[in-house]
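Numbering (mature numbering (1 follows the signal peptide of the UniProt record, and there is no 0)), first residue to last: -19 to -1, 1 to 179. For each residue, glycine too, the CB sits at the ideal point set by N, CA and C. As the structure is a computational prediction, the values presented were derived from the model and not from experiment. A short worksheet on the structure shown next.
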């Protein structure tokens, strides 16, 4: 009976010892922590006004108990999208806000996370010039909510690769901007990298 109890105790302790390090491709164990921080840089493939669009930006914040991120995010349109019926105008788009993310089993080599950005932004019609600032013809603000989901791969204790999807929903875009919420709202696929203290 004592031998069975001893074997059970050893197995239980070995399980806890294994659970306290971060699995990564570099295979180096990290110290457990309840407070961390990280930032993520992302590129998003989506649609704006029904046309192919690339958004760049990222998010970051404080990482609590290896599960919850509280922070901020921001994205902007990176490619040129012409305004229909205008020969010299393109769309300008940006949005920012607070972000919440829940990371499931953060120490596992491959794991996933889900969260949402809630904030606001702006859309404009602008003419770009080689020198100086763009000329803005019309603009409108909007509120935005963007839930997202990620698959994550731990490269090292401090570095992760992420891929996932999101849905950008805008509210309150003014009619004078020449675009509706339905034309700004769209699904997105993103790739990125997270770096920080996990």
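Contact the region 48 to 58 vs the region 23 to 39: 3+ CB pairs below 8 Å: yes
Pairwise C-alpha distance: residue 3 and residue 91: 11 Å
Assigned exposure category for residue 143 - 16 Cβ within 10 Å defines buried: Residue 143 comes out buried.
Under the three-state DSSP convention, the category residue -1 falls into: Low confidence applies here, because residue -1 scores a pLDDT of 46, under 50, leaving its location unreliable; read the following figure in that light. The answer is helix: DSSP assigns residue -1 an H, G or I state.
Extent of the continuous beta strand (DSSP E) run through residue 165: No beta strand (DSSP E) holds residue 165; the alpha helix (DSSP H) holding it covers 162 to 165.
Euclidean distance between Cα positions of residue 1 and residue 128: Model confidence at residue 1 stands at a pLDDT of 49, short of 50, so the residue's coordinates are unreliable and nothing is read from them.
Cβ-Cβ separation, residue 151 to residue 125 (assumed contact under 8 Å), whole Å: 5 Å
Cutoff 8 Å: residue 38 Cβ touching any chain D Cβ: Absent from the structure: chain D. Only one protein chain is present.
6 Å CB neighbourhood of residue 77 in its chain, flanking five on each side removed: 55 and 100
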